[in-house]
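Sequences listed follow chains H and V, in order. Note that my numbering numbers the first sequence so that position 446 is 446, with each residue one more than the last. Note that my numbering numbers the second sequence so that position 186 is 186, with each residue one more than the last. Ideal Cβ positions, reconstructed from N, Cα and C, are used throughout, including at glycine. Since this is a predicted model, take the numbers as computed values, not measurements. First comes the structure, then the notes that go with it.
2 protein chains.
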Amino acid sequence: MTPDTTPAELEQALADAASAAPALGASEPAVRAGWIRAVADALDAAADELVPVAMRESSLPEARLRGEVARSSGQLRMFADVLDEGSLLEVVIDTADPDAKPVPRPDLRRVLVPLGPVLVFAASNFPFAFSVCGGDTASALAAGCPVIVKAHPGHPELSVRTAEVMIEALRTAGAPAGTLGLIQGFDVGVTALKDPRITAAGFTGSVPAGKALHEIAVTRTEPIPFYGELGSLNPVFVTQAAVDARGKDIATGYVGSFTLGVGQFCTKPGLLFLPAGHGLQEQLAAATGGVAEAKMLNDRIQEGFTSGLDRLQKVEGIRVWSSGAATLLQTTVTELVARRDEILEECFGPVSIVVEYDGVDELKAAVEAFDGNLTATLHAEDADTELAGELFPLLTARAGRVLWNGWPTGVAVSWAQHHGGPFPSTVGSIHTSVGVTAARRFQRPVAYHDAPDAVLPAVLKDSNPAGISRRVNGTVTTGEVSR
Amino acid sequence: MTPDTTPAELEQALADAASAAPALGASEPAVRAGWIRAVADALDAAADELVPVAMRESSLPEARLRGEVARSSGQLRMFADVLDEGSLLEVVIDTADPDAKPVPRPDLRRVLVPLGPVLVFAASNFPFAFSVCGGDTASALAAGCPVIVKAHPGHPELSVRTAEVMIEALRTAGAPAGTLGLIQGFDVGVTALKDPRITAAGFTGSVPAGKALHEIAVTRTEPIPFYGELGSLNPVFVTQAAVDARGKDIATGYVGSFTLGVGQFCTKPGLLFLPAGHGLQEQLAAATGGVAEAKMLNDRIQEGFTSGLDRLQKVEGIRVWSSGAATLLQTTVTELVARRDEILEECFGPVSIVVEYDGVDELKAAVEAFDGNLTATLHAEDADTELAGELFPLLTARAGRVLWNGWPTGVAVSWAQHHGGPFPSTVGSIHTSVGVTAARRFQRPVAYHDAPDAVLPAVLKDSNPAGISRRVNGTVTTGEVSR
């Protein structure tokens, strides 16, 4: 058990972050990209040391954790690349137009600048990818913000060692002292969240904790943005044609997805909608029954799962199709609609519910029963194009990522990725926690009005010394600007 | 006095907006652009009727109000153009990469979709540009969101007539019924803000009202984004060299800017920092004394100004240099720092404070005395490049727009514009209320994962039928995509 950060240590962490902010914010993007790549390299180099610690603290298997390290370092490198390319800064230059109506237009140059120190509440279920070296940290560093991570108590030693590796890499690469800090303890995190030096916060965790922290962040004397990923059911809808064409593959894929990582994914498919008479019960039950016993992340998660599963099994209209290391439940759309709030409550862990629907109208009613989710999935065939065309807008209205014939677990890190969704899956549905624009959560625009080249930041100068991508008078270019 | 919207009328407005949302959200961007241009044309065509109503209700002069109509219709057309061009949707396409590490990457296509019905709290000081047909409405419509405007009681008849003109234009152009609605009454606005059908809100007004509404929006059962522009002091800093080179022009420009529109601009320069011994007192006082008497927007604003001015004049260390239709006060940096909270409180109306500084260190201390502002301005000469280089980062940390040798009143509408700033000038400093990315406040990303062309929205299809600008595998292009 790692002791909580003391008040003096917290004060030091906050002071260090605040003092790092101006230098970090003023750093040239290409220089910052170098610091971030140094962190990525250090993480990869430390994998042999860090992964065993993570295995011990999280009970997750080695291959998965090595993949997470690679994903985290790859994500850092993606942000470094986009800093070099320039799009992360969203530079827009409109040169002066003395003939503009109703008034002449000045030379205006817009760039995104960092907000300042960011507080990141780490998650337990991804000890690397959503923890100290995860997406919130990577995107905030790319934005030019110092980061203080509130460690998750599920993997305290890993958190400390990961932070040490990253801090040493930043120091060696020449980043300002205070660029990264780590704190421990629930109350310490709340105190930090209230501190005026903290300018934004990221969170991944439970709905109650996320709601409570959100309220603190937005009702402070100086409200700050709070980006919280809270919980998601990730429904999967399967058409009759898809069952007919590849029902067995769907059954296998589904069980694999909802039991992946002991069901401890925010994108775990919590419900699978199948047409009545699908004939897959036996296979689904057998596949679920064949899942190997595995330890959950920690005792608290295990207790939460046990009581959540117990609650769910007692809901009227819920039947047990298979139980053991993983649990498969069953109900119908009629019953789901009648007891919507009881059935549509996330149970974090290796359980999922098959929901049987009777005809297309019930399928649509099922889609419409959902609030916001991170993902929604449709399994369909080419013959379903008309039905899919009706369902896609309904799914889009309820999810941040809409999948076709896939499984929602596993979130590729790329330009186009979106990881977020309407409330309650996230607070702040207009933002993503994965992908390039995740940095935008920690940046604000500044426009310079008629400023001469000599005082402008390098990225806004006429000559575009770093050759970054900029929108000049409406067109994206890496060229120079003439006034 | 227009009566408040009744509960039945409010329910109708909310129901209409909610029922318009799916059709509006599904509209092709080019079609939506057409609806928006129809509104712009209708506004221009109605200017002869609307401007006299605005003159009577706001006491603002005709030329200014005609300029505002042109600015508002021009802004609508800018959004229509960017819808056609496509950047407003931020389409990003990453085609599948089966060789990606650590796992194969799916085909991912991201687009911004509308949040849903938006509530806009109109301001009094721009009866067109920040009211019914203003930037919040224009950007929300461009995003594809139905809008309900809570009319400002300062110009009730204008609000009703503007809404009628816009609604008729939308109807004739073929937009869904319920795309725009208007409600009246303070409590009615609060009730609307709490309604689950409202998905975001924009506000321009006072700090206390903005804070109260913000708290309601973010602590609802389902919290929603609230974009509030609250108040700003817009300091102007003048170097010795600038005084030497063009002190008289600066004095004239300053008085013109702080008295423009009877000082009723959110970007009014509230303080002018001059080096001690500037020798401009006589000219500044004379220019201020020469300002013609003009009626303020309404009695409530007038009362607020009278009491605010009275309060400010009584602050120790504040001296009156000129009073009459406009008021010029004077103090020093030493006194400002000693009574910071009393002096740095916005007084909306034709008053400003000359603050004298003694040397560069006091000038820097003056800059550092400020919290967040919409704008900060530096008047300097080429010889000041080193000093300006030190001041620019300090100004950038405190403002959303940094001006060089200009005046902050007047906000050009263009791609690069930013109108916003750190708290308390706005709640939500990462967003702008003017410029293209204002629409982003009312959009959320959705990523489609491996979806076939047949079910994708047109803007994401391989063939790019509308020829919009999209980022494909990292590069911006209007071309087709091959899978």
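Suppose the cutoff is 6 Å on Cβ atoms and the five residues either side in sequence are ignored; what does the same chain contact list for residue 461 of chain V look like? The residue labelled residue 461 of chain V in the question sits at position 461 within the second sequence. Only 453 meet the Cβ criterion.
Span of the alpha helix (DSSP H) holding residue 80 of chain H? As a position in the first sequence, residue 80 of chain H is number 80, starting the count at 1. Counting along the chain, residue 80 of chain H sits inside the alpha helix (DSSP H) bounded by residues 62–85.
Taking 8 Å as the threshold (C-beta atoms), are residue 227 of chain H and residue 431 of chain H in contact? By 1-based counting over the first sequence, the position of residue 431 of chain H is 431. By 1-based counting over the first sequence, the position of residue 227 of chain H is 227. A contact, by the Cβ cut-off of 8 Å.
Between the Cα of residue 396 of chain H and the Cα atoms of H:187, H:418, H:160, which residue gives the shortest distance? The residue given as residue 396 of chain H occupies position 396 in the first sequence. Comparing Cα-Cα distances from residue 396 of chain H to each of H:187, H:418, H:160, the minimum goes to H:418.
Contacts of residue 494 of chain V in chain H (Cβ-Cβ under 8 Å): Examination of residue 494 of chain V is not possible in this model, given that chain V is present from 1 through 483 alone.
Cβ of residue 33 of chain V less than 8 Å from any chain H Cβ? For the purposes of this step, residue 33 of chain V is identified with residue 33 of the second sequence, where counting begins at 1. Cβ-Cβ to chain H under 8 Å: no for residue 33 of chain V.
Whole-angstrom C-beta distance between residue 122 of chain V and residue 132 of chain V, which should lie under 8 Å: Here residue 132 of chain V is taken as the residue at index 132 of the second sequence, counted from 1. Here residue 122 of chain V is taken as the residue at index 122 of the second sequence, counted from 1. Sure, about 6 Å apart at Cβ, within 8 Å.
By the DSSP assignment, the beta strand (DSSP E) with residue 355 of chain H in it spans what residues? Position 355 of the first sequence, counted from the start, is the residue given in the question as residue 355 of chain H. 351–357 is the extent of the beta strand (DSSP E) around residue 355 of chain H.
Coil, strand or helix - residue 52 of chain V by DSSP: Numbered from its first residue, the second sequence carries residue 52 of chain V at position 52. Here residue 52 of chain V sits in helix by DSSP.
Sufficient close CB pairs (3 or more, under 8 Å) joining the region 71–82 of chain H to the region 36–46 of chain H: Yes, since at least three Cβ pairs between the region 71–82 of chain H and the region 36–46 of chain H fall closer than 8 Å, the two stretches touch.
Consider the Cβ of residue 246 of chain V: report whether some Cβ of chain H lies at a distance smaller than 8 Å. Position 246 of the second sequence holds residue 246 of chain V. Cβ-Cβ to chain H under 8 Å: no for residue 246 of chain V.
CA nearest to the CA of residue 399 of chain H, picked from H:10, H:386, H:429, H:410: Start at 1 with the first residue of the first sequence, and residue 399 of chain H comes out as number 399. Here the closest residue by C-alpha is H:429.
Counting only beta-carbon atoms, is residue 476 of chain H nearer than 8 Å to chain V? Mapped onto the first sequence, residue 476 of chain H falls at position 476. Under the Cβ criterion of 8 Å, residue 476 of chain H is counted among the residues facing chain V.
For the region 282–299 of chain H against the region 307–319 of chain H, do three or more pairs of beta-carbon atoms, one drawn from each stretch, fall closer than 8 Å, so that the two count as touching? no
Three or more C-beta pairs under 8 Å: does that hold for the region 321–331 of chain V against the region 234–241 of chain V? no
Could you check whether the Cβ of residue 121 of chain H sits closer than 8 Å to any Cβ belonging to chain V? Residue numbering aside, residue 121 of chain H sits at position 121 when the first sequence is read from its first letter. Not an interface residue.
If you run the structure through DSSP and keep just helix, strand and coil, what is residue 465 of chain H? Here residue 465 of chain H is taken as the residue at index 465 of the first sequence, counted from 1. Three-state DSSP puts residue 465 of chain H in coil, outside helix and strand.
Could you pull the DSSP bridge partners for residue 330 of chain H from this structure? Here residue 330 of chain H refers to the residue found at position 330 when the first sequence is read from its first residue. In DSSP, residue 330 of chain H forms a bridge with H:319, H:354.
Rounded to the nearest angstrom, what separates residue 28 of chain H and residue 161 of chain H at their Cα positions? One-based indexing of the first sequence puts residue 28 of chain H at position 28. One-based indexing of the first sequence puts residue 161 of chain H at position 161. Rounded to the nearest angstrom, the two C-alpha atoms are 28 Å apart.
Residues sharing a beta bridge with residue 199 of chain V, DSSP: Along the second sequence, one-based indexing puts residue 199 of chain V at 199. According to DSSP, residue 199 of chain V bridges with nothing at all.
Would you verify that the beta carbon of residue 75 of chain H is, or is not, closer than 8 Å to some beta carbon of chain V? The residue given as residue 75 of chain H occupies position 75 in the first sequence. Chain V contact via Cβ: absent.
Quick one: which unbroken beta strand (DSSP E) runs of 3-plus residues sit fully inside the region 369–453 of chain H? Chain order, please. Within the region 369–453 of chain H, the complete beta strand (DSSP E) runs of at least 3 residues are 373–379, 399–404, 443–449.
Using three-state DSSP, classify residue 265 of chain V as helix, strand or coil. Here residue 265 of chain V refers to the residue found at position 265 of the second sequence. Residue 265 of chain V falls in the coil class under three-state DSSP.
According to the neighbour-count rule (16 or more other Cβ atoms, all chains shown, within 10 Å of its Cβ), is residue 190 of chain H buried or exposed? As a working note, residue 190 of chain H is residue 190 in the first sequence. Burial call: exposed.
Let me confirm a value: residue 179 of chain H is counted as buried when at least 16 other C-beta atoms fall within 10 Å, else exposed. Which label applies? Your numbering for residue 179 of chain H matches position 179 in the first sequence. Residue 179 of chain H should be labelled buried.
Beta-carbon gap between residue 206 of chain V and residue 272 of chain V smaller than 8 Å: In the second sequence, residue 206 of chain V corresponds to position 206, counting from 1. In the second sequence, residue 272 of chain V corresponds to position 272, counting from 1. Against a cut-off of 8 Å, the Cβ pair of residue 272 of chain V and residue 206 of chain V comes out as no contact.
So, at 8 Å on beta carbons, what are the nonlocal neighbours of residue 170 of chain V in its own chain, with the 5 sequence-adjacent residues on each side left out? Walking along the second sequence from the start, residue 170 of chain V turns up at place 170. So the qualifying residues of the chain are 35, 38, 39, 179, 180.
Confirm the yes/no value for this check: CB of residue 308 of chain H, any heavy atom of the ligand NAP, distance under 7 Å. This structure simply doesn't include the ligand NAP, nor any ligand for that matter.
For residue 196 of chain H, decide whether its Cβ has a neighbour in chain V, counting only Cβ atoms nearer than 8 Å. To locate residue 196 of chain H, count along the first sequence from 1; it is residue 196. No, residue 196 of chain H lies away from the interface with chain V (no Cβ there is under 8 Å from its Cβ).
Quick one: list the residues of chain V neighbouring residue 450 of chain H, beta-carbon separation under 7 Å, in chain order. By one-based count along the first sequence, residue 450 of chain H stands at place 450. Going along chain V in sequence order, the residues near residue 450 of chain H (Cβ under 7 Å) are 403, 404, 405, 406.
Who are the near neighbours of residue 62 of chain H in its chain, counting only those whose CB is closer than 7 Å to its CB and skipping five residues on each side? The residue given as residue 62 of chain H occupies position 62 in the first sequence. Counting only Cβ-Cβ distances below 7 Å, and skipping sequence neighbours, we find 51, 55.
Can you round the beta-carbon distance between residue 317 of chain H and residue 340 of chain H to whole angstroms, since I take them to be within the 8 Å contact cut? Translated into positions along the first sequence, residue 317 of chain H becomes position 317. Translated into positions along the first sequence, residue 340 of chain H becomes position 340. About 11 Å separates the two Cβ atoms, so there is no contact after all.
Under the three-state reduction of DSSP, which class applies to residue 314 of chain V: helix, strand or coil? As a position in the second sequence, residue 314 of chain V is number 314, starting the count at 1. DSSP places residue 314 of chain V in coil when its eight states are reduced to three.
Cutoff 8 Å: residue 259 of chain H Cβ touching any chain V Cβ: Against the first sequence, residue 259 of chain H aligns to sequence position 259. With 8 Å as the cut-off, residue 259 of chain H does not count as an interface residue toward chain V.
Straight-line gap, residue 203 of chain H to residue 438 of chain V (C-alpha atoms, nearest Å): Here residue 203 of chain H is taken as the residue at index 203 of the first sequence, counted from 1. Here residue 438 of chain V is taken as the residue at index 438 of the second sequence, counted from 1. Taking the straight line from one Cα to the other gives about 26 Å.
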